[in-house]
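Numbering (our numbering), first residue to last: 65 to 202.
So the structure is just underneath, and the comments pick up after that.
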């Protein structure tokens with residue numbers, strides 16, 4: 065039954081409408097979100113207890129966003145700057161370039177509370193998005 069539920073969730077989220085990143089209307093609910101690049105390639109899968117806050121975080125400055133850090137380092141070739149012993153941000157012009165990259169991406173959200181961790185893990189293992197680290201090891 066669990067595998068059937070995961071496949072059903074996968075089907076529903078992948079068939080949902082993807083919206084340009086900064087045009088997406090996001091509710092304050094728990095769930096998953098999927099990001100595609102400008103070629104429609106799935107590049108990131110995430111989950112959150114508050115989708116609105118999480119998407120807003122990714123759309124802002126890099127410091128609190130793993131997605132932004134991965135776009136900057138893995139896609140754009142930037143090097144993270146260190147603050148308080150942690151490499152967590154880019155130079156201002158680089159951070160703007162990360163935001164510009166997000167403007168070319170599309171997003172869909174899937175409100176779900178129960179089972180969102182399992183669905184996220186299943187999707188990451190199956191689709192191996194470029195920018196996910198968790199569960200995306202060979």
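Think of the CB as a built atom: it goes at the ideal place given N, C-alpha and C, for glycine as much as any other residue.
For clarity, every value in this text was computed on a predicted model and none was experimentally measured.
Cut-off 8 Å between Cβ atoms - residues of its own chain near residue i, not counting five sequence neighbours on either side
i	result
residue 130	197
Whole-angstrom distance between residue j and residue i, CA atom to CA atom
i	j	result
residue 178	residue 91	17 Å
residue 133	residue 82	22 Å
residue 156	residue 117	22 Å
residue 100	residue 108	7 Å
residue 86	residue 180	23 Å
residue 172	residue 147	32 Å
residue 192	residue 115	21 Å
residue 71	residue 113	21 Å
Boundaries of the beta strand (DSSP E) in which residue i is found, first to last residue
i	result
residue 107	106-112
residue 152	150-153
Residue span of the alpha helix (DSSP H) that contains residue i, given as start and end
i	result
residue 162	156-167
residue 121	115-123
residue 197	Note, residue 197: premise wrong, no alpha helix (DSSP H); not H, not E.
Given residue i as reference, the closest of the options once Cα atoms are compared
i	options	result
residue 150	79, 127, 110 and 191	127
residue 142	169, 176 and 161	161
residue 190	104, 74 and 135	74
residue 111	95, 123, 185 and 152	95
residue 194	98, 69 and 176	98
Local conformation of residue i per DSSP, three classes
i	result
residue 95	strand
residue 176	coil
residue 184	helix
residue 67	helix
residue 89	coil
Beta-carbon contacts of residue i that lie in its chain and below 6 Å, excluding the five residues immediately before and after
i	result
residue 154	126, 136 and 142
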